[in-house]
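*Asks:* Let me give you the structure first, and then I'll get to my questions.
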Amino acid sequence: MEHSFASPSGHPQPHQRHFNPYSENGGTILAIAGANFSVIAGDTRQSEGYSIQTRYAPKVFRLTDKAVLATNGFAADGNMFVKKVRQRLEWYRHAHSKDMPIRAIARLIQTMLYARRFFPYYVYNILGGIEEDGSGAVYSFDPVGSYEREACRAAGAAQSLVQPFLDNQIYFKNQTPAHGTSHPAHLPLDHVLELVIDSFTSATERHIEVGDGLEIYVVLAKGSTPQVLDRWQGVTEMTTTQDGERMFVIRRNLKRD
Amino acid sequence: MSIMDQNGGSVIAMVGKDCVAIASDLRLGNEALAVSSNFQKIFPITDRIYLGLPGLATDVTTLKERFRFRVNMYTIKEEREIEPETFAHLVSSTLYEHRFGPYYVEPVMAGISKTPSGGFKPFIAATDLIGCLNYAKDFVVAGTASSKLYGVAEGLWEPDLEPEDLFETISQTIMNALDRDAYSGWGCIVHVLTKDKVITRTLKARMD
Chain G
1 MEHSFASPSG
11 HPQPHQRHFN
21 PYSENGGTIL
31 AIAGANFSVI
41 AGDTRQSEGY
51 SIQTRYAPKV
61 FRLTDKAVLA
71 TNGFAADGNM
81 FVKKVRQRLE
91 WYRHAHSKDM
101 PIRAIARLIQ
111 TMLYARRFFP
121 YYVYNILGGI
131 EEDGSGAVYS
141 FDPVGSYERE
151 ACRAAGAAQS
161 LVQPFLDNQI
171 YFKNQTPAHG
181 TSHPAHLPLD
191 HVLELVIDSF
201 TSATERHIEV
211 GDGLEIYVVL
221 AKGSTPQVLD
231 RWQGVTEMTT
241 TQDGERMFVI
251 RRNLKRD
Chain X
258 MSIMDQNGGS
268 VIAMVGKDCV
278 AIASDLRLGN
288 EALAVSSNFQ
298 KIFPITDRIY
308 LGLPGLATDV
318 TTLKERFRFR
328 VNMYTIKEER
338 EIEPETFAHL
348 VSSTLYEHRF
358 GPYYVEPVMA
368 GISKTPSGGF
378 KPFIAATDLI
388 GCLNYAKDFV
398 VAGTASSKLY
408 GVAEGLWEPD
418 LEPEDLFETI
428 SQTIMNALDR
438 DAYSGWGCIV
448 HVLTKDKVIT
458 RTLKARMD
């Protein structure tokens, strides 16, 4: 049968086809900076609408020995973006014989995102790692490159569930310290890990796009001891060089319903 | 933007050990413009039942009066106070009467009910705008900050909290959720109900 664009009057009508280059793949990411460490976490469920595409699609990626990037939003864009950032970091290594510092990676990500101002990577990025001065750092970005260094940030499907909880537990918002005392500026590593796990179990409980698995990257500054990690299960060390920063991944299960 | 978000506002209710708590913000707005910082949306129904009505402000005012009328009629006819479970069904059927032209509110109820053996049992419930009841063992939320309330409550709430701890939990939950919601805030109020008294406190919250 002939396909024509005839209108009821018999005259041909213009007809516009439409292609949508974006989709949303759910999931949530989260990063918290400590005094001399940084924790970057993400769930591993990848979904489209009400369907689960896979229960294991990593959203958190190691960039250098001391920088980790978490991406959330449109997974295809996220993976492509990480690939391009890694390529730029390799070129930097070849040109300068060292890893790019994290604040420089943050600025690089901004320019790379803004370069696509009018056809953006549909991705929210959170960069975590260790600064040159040895302090833990978290940088968060919007899809077109606005960025800020913070102590903690949640992004993705369950951002609205997790961020106010973090405001309360990390920044001690709406809490008054007892007389003559003050709130700590940075929390210890094991406490931070507990909060990350609680955040994700809560998000899993109440958000359908969050669940399946949890990957927590821990970056420790030079010279700090990883003893606290001994009491944690499912820890894998990813450190590549001696006497530098050390990197670990903690893999856990989340509810699959 | 939904009619439900026109005036803003949020309510949460939580269960504790032999007690319940219900809290709300005090904002009334016209979309982004704040109009009042003392708009009550929680109403005492009996000494042991409190009702929160977040949603379209005009319907909040109408329904509060309607429920007062219907509860008064019940009290006169039955010659006794209404029980929380019964009141929940009254709310549900009142809203379902308007199934195809609903009131734009999502009621949240908290109460202490009497058991046949003479004891007391905490009760919370919420409905959607057409009266579909949701009983929960832990907490119920509604309003423009509902997703934030879910997130914080899921992280802070634990079973069998004593009245003072329940007060702290619900207060921290609502304040931190409200601070991330542009349509709720401008102060909040908390009621903690036990079998023999109600503690009402207005919180010193962020006013921006």
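These protein sequence lines are chains G and X, in that order. By the numbering used here, the letter at position 28 of the first sequence is numbered 28, and the numbering carries on one by one without gaps. By the numbering used here, the letter at position 157 of the second sequence is numbered 414, and the numbering carries on one by one without gaps. C-beta: ideal position from N, C-alpha, C; glycine also.
#1: Would you call the segment 138-146 of chain G and the segment 90-100 of chain G touching, i.e. three or more CB-CB distances under 8 angstroms?
#2: Using a Cβ-Cβ cutoff of less than 7 angstroms, which residues in the same chain neighbour residue 361 (chain X) once the five nearest sequence positions on both sides are dropped?
#3: Between X:420, X:425, X:450, which has its C-alpha nearest residue 413 (chain X)'s C-alpha?
#4: Given this structure, state the Cα-to-Cα distance separating residue 246 (chain G) from residue 221 (chain G), to the nearest angstrom.
#5: Rounding to the nearest angstrom, what Cα-Cα distance links residue 2 (chain G) and residue 21 (chain G) in this structure?
#6: Excluding the 5 residues flanking residue 206 (chain G) on each side, which residues of the same chain have their C-beta closer than 7 angstroms to its C-beta?
#7: Does the Cβ-Cβ distance between residue 344 (chain X) and residue 366 (chain X) come in under 9 angstroms?
#8: Report the option in X:376, X:280, X:338, X:389 whose CA atom is closest to the CA atom of residue 521 (chain X).
#9: Counting only beta-carbon atoms, is residue 199 (chain G) nearer than 9 angstroms to chain X?
#10: Judging by CA-CA distance, which residue of X:382, X:302, X:461, X:438 is the nearest neighbour of residue 286 (chain X)?
#11: Assign residue 56 (chain G) to buried or exposed, taking buried as 16 or more other Cβ atoms, counted over all protein chains shown, within 10 Å of its Cβ.
#12: Is there a Cβ from chain G that is less than 9 angstroms from the Cβ of residue 411 (chain X)?
#13: If you follow the alpha helix (DSSP H) that residue 258 (chain X) is part of, which residue opens it and which one closes it?
#14: Using a Cβ-Cβ cutoff of less than 6 angstroms, which residues in the same chain neighbour residue 275 (chain X) once the five nearest sequence positions on both sides are dropped?
#15: Only counting the same chain, and skipping five residues up and downstream in sequence, which positions put a Cβ closer than 7 angstroms to that of residue 445 (chain X)?
#16: Hey, does residue 205 (chain G) have any beta-carbon neighbour from chain X nearer than 9 angstroms?
#17: The beta strand (DSSP E) with residue 215 (chain G) in it runs from where to where?
#18: May I ask whether a heavy atom of the ligand SAH can be found less than 8 angstroms away from the beta carbon of residue 83 (chain G)?
#19: Determine the chain G residues that contact residue 395 (chain X) at a beta-carbon separation under 7 angstroms, and present them in chain order.
#20: Ends of the beta strand (DSSP E) at residue 44 (chain G)?
#21: Taking 9 angstroms as the CB-CB cut-off, is residue 19 (chain G) touching chain X?
#22: Residue ranges of each beta strand (DSSP E) run of no fewer than 3 residues wholly in the segment 100-167 of chain G, ordered along the chain?
#23: Is the beta carbon of residue 126 (chain G) less than 9 angstroms from the beta carbon of residue 189 (chain G)?
#24: When the distance is taken between beta carbons, is residue 303 (chain X) closer than 9 angstroms to residue 268 (chain X)?
#25: On a Cα-Cα basis, can you pick out the residue from G:59, G:38, G:136, G:48 that is closest to residue 29 (chain G)?
#26: Enumerate in chain order the residues of its own chain whose CB-to-CB distance from residue 217 (chain G) is below 6 angstroms, with the five nearest sequence positions on each side excluded.
#27: Going by C-alpha to C-alpha distance, which of G:256, G:244, G:252 sits closest to residue 99 (chain G)?
#28: Near residue 392 (chain X), what residues of its chain come up, given a Cβ to Cβ distance below 7 angstroms and the 5 sequence neighbours on each side ignored?
#29: Give the interface partners of residue 214 (chain G) over in chain X, defined as CB-CB distance under 9 angstroms, in chain order.
*Replies:* Short version:
#1: no
#2: Cβ neighbours of residue 361 (chain X) beyond the five flanking positions: 260, 261, 312, 313, 316, 386.
#3: X:425
#4: 7 angstroms
#5: The pLDDT assigned to residue 2 (chain G) is 49, lower than 50, so where the model puts this residue is not dependable; a value taken from the coordinates is nonetheless given after this. Rounded to whole angstroms, residue 2 (chain G) to residue 21 (chain G) spans 29 angstroms at the Cα level.
#6: Excluding its 5 nearest sequence neighbours in each direction, residue 206 (chain G) has C-beta neighbours in its own chain below 7 angstroms: 161, listed in chain order.
#7: yes
#8: In this structure chain X extends from 258 to 465, so residue 521 (chain X) is not present and cannot be described.
#9: yes
#10: X:438
#11: exposed
#12: yes
#13: Residue 258 (chain X) -> no alpha helix (DSSP H), and no H or E assigned at all.
#14: none
#15: 280, 281, 282, 283, 431, 432, 435, 460, 462
#16: At least one chain X Cβ lies under 9 angstroms of residue 205 (chain G).
#17: 213-220
#18: Judged by which ligands are present, the structure shown has none, so any question about the ligand SAH falls away.
#19: Within chain G, no residue comes near residue 395 (chain X); the closest Cβ sits about 10 angstroms away, beyond 7 angstroms.
#20: Counting along the chain, residue 44 (chain G) falls outside any beta strand (DSSP E), and DSSP gives it neither H nor E.
#21: no
#22: Entirely contained in the segment 100-167 of chain G, the beta strand (DSSP E) runs reaching 3 residues are, in chain order, 123-130, 136-141, 147-150, 152-156.
#23: no
#24: no
#25: G:59
#26: 40, 60, 68, 249
#27: G:244
#28: 382
#29: Simply none; closest approach about 15 angstroms.
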